[in-house]
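Notes follow once the structure below has been shown.
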Amino acid sequence: MRICILGATGLVGRELLHLLPRAWPGSQLRLFASRDQELELDGRRYAVRAADALEAVDAEGGDLAFVALDDEHSARFVPRLRQLGYKVVDKSNTYRQDPEVPLVVAGVNDGLVDAQIDLVANPNCTSIPLALVLAPLRRCFGLRSVTVASYQAISGAGLATLDQFMLDARIGYQHNDRLGQGLATGGYVGNTVPHNARTDESGFSAEERKLMVESRKILTMPGLRISAQCCRVPVAVGHYEQVWIECEQPVDLAGAEALLDNERESPFVHLFPGAEGAGLSALSCLRERDRALVGRMRLDPRDPEGRGLCLTVAGDNLRVGAATNAVRIATRWFASADPTLQAPGMLS
567 MRICILGATG LVGRELLHLL PRAWPGSQLR LFASRDQELE LDGRRYAVRA
617 ADALEAVDAE GGDLAFVALD DEHSARFVPR LRQLGYKVVD KSNTYRQDPE
667 VPLVVAGVND GLVDAQIDLV ANPNCTSIPL ALVLAPLRRC FGLRSVTVAS
717 YQAISGAGLA TLDQFMLDAR IGYQHNDRLG QGLATGGYVG NTVPHNARTD
767 ESGFSAEERK LMVESRKILT MPGLRISAQC CRVPVAVGHY EQVWIECEQP
817 VDLAGAEALL DNERESPFVH LFPGAEGAGL SALSCLRERD RALVGRMRLD
867 PRDPEGRGLC LTVAGDNLRV GAATNAVRIA TRWFASADPT LQAPGMLS
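Right, here's the structure in full:
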């Protein structure tokens, strides 16, 4: 197999370099970024070419491409990759709401991907773990409405922002300042701030809109009542979501836990049983990087009919929220040597 990564030097691109040898050992890798450079990762050196090379007349074709670029550059390079014969999984927001392009969460609706499809959109890093949990609950109990509060890691803003956060944290915590008065009120260190991704006239940020509209498309529920409130927290990796759902039928709490603890019914989900949520933390994502974590499940006391459910969902935003899902999508075209990365072909 000939596999191409655009955005290879970014955080998600680097995670793909860990995953691809698991899925397709022995593949030929072609790496691209903004300029010619060399990438060192885990003691291995990779040659990285400027993405402009793909636009050359003599650019080589290939089998599979992962695009981890911003919207502008995805719009520029994805058509060229398709022209060169690649099947493409795109991480940007460019194609997610295109009715001609499947928006896919492996384990939920990856049955949409077949040999005739050559472009699939990879959802946002909060949408993926949420959909992995909502889909089986919807099949069992129905789904009326969803409310989400997300607490998102700094790595979601990219490599440069994460490195700056780590530097600022070292400087900011040099002094024994219990109140944190010396820290920037608009910064990430020691702070919780609104997710400031392009707030529009509705008052919702782009991050909040993504979570809402993507969930509707993934679950094929265009009328789903869903609202989201997103913020950044001073965590390097691991998005955390507090979720309130209203089901169509009364929820059997023990049955809901058993459902989410069943790999066949709820693929790529790891349940932390019990209402206290013991062990369910952002850093727990780093021990289960390729699965959505769920726990703290309890009935919502506001609904006397027992249709309301409160729960917590967490996921490694670089892996299950991005790179791992992209690889699993691609296993619908090319079977994975690692069964933990193989998409099951389920529909929501």
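So the sequence shown is numbered by the working numbering: it starts at 567 and just counts up by one.
Think of the CB as a built atom: it goes at the ideal place given N, C-alpha and C, for glycine as much as any other residue.
- Within the region 659–715, the runs of beta strand (DSSP E) at least 3 residues long that lie entirely inside it are, in chain order, 685–687.
- Boundaries of the beta strand (DSSP E) harbouring M863: A858 to L865, taken from the DSSP string.
- Residue burial is scored here from C-beta neighbours: H836 has at least 16 other C-beta atoms within 10 angstroms and is therefore classed as buried.
- With a cutoff of 9 Å on beta-carbon distance, G746 and G752 are scored as not near each other.
- E812 has S711 and G874 as its beta-bridge partners, per DSSP.
- Boundaries for E604: no alpha helix (DSSP H) harbours it, while the beta strand (DSSP E) harbouring it runs Q603 to L607, taken from the DSSP string.
- As DSSP reads the structure, C797 sits in a beta bridge with Y717 and P760.
- In the three-state reduction of the DSSP assignment, F643 falls in the helix class, which pools H, G and I.
- Secondary structure note for F770: it is in no beta strand (DSSP E), with a DSSP letter that is neither H nor E.
- Apart from sequence neighbours up to five positions away, the residues of its chain that approach F731 with a beta-carbon distance below 6 Å are I720 and Y754, ordered along the chain.
- A straight line joining the alpha-carbon of W590 with that of K653 spans about 15 Å.
- Taking 9 Å as the cut-off, the Cβ atoms of A820 and A848 do not count as close.
- Annotated as distal: R857 and L877, with beta-carbon spacing of 9 Å or more.
- For the set D866, R885 and V817, the Cα lying nearest the Cα of L852 is the one of R885.
- The residues L585, R588, A589, D856, T890, V893, R894 and T897, in chain order, have a CB closer than 8 Å to that of L907 in the same chain once the five nearest residues on each side in sequence are set aside.
- In the three-state reduction of the DSSP assignment, Q649 falls in the helix class.
- In this structure T575 is buried. Its beta-carbon is surrounded by 16 or more other beta-carbon atoms within 10 angstroms.
- The three-state reading of DSSP puts R610 in strand, counting E and B together.
- Secondary structure at Q908: coil, using DSSP grouped into helix, strand and coil.
- Under the three-state reduction of DSSP output, V654 falls in the strand class.
- For L685, the closest alpha carbon among the candidates G708, E842, P695 and D656 is that of D656.
- Distance from K776 to N659 at the Cβ level is roughly 7 Å; contact confirmed, criterion being Cβ atoms closer than 8 Å.
- Contact check for R662 against A723 fails: the beta carbons are separated by 9 Å or more.
- Annotation: the continuous alpha helix (DSSP H) that includes A822 extends over L819 to L826.
- Uninterrupted beta strand (DSSP E) stretches at least 3 residues long and entirely within the region 568–602 occur at 568–572 and 594–599, given in chain order.
- If you compare the alpha carbons of A844, L700 and R646 with that of S711, the shortest gap goes to L700.
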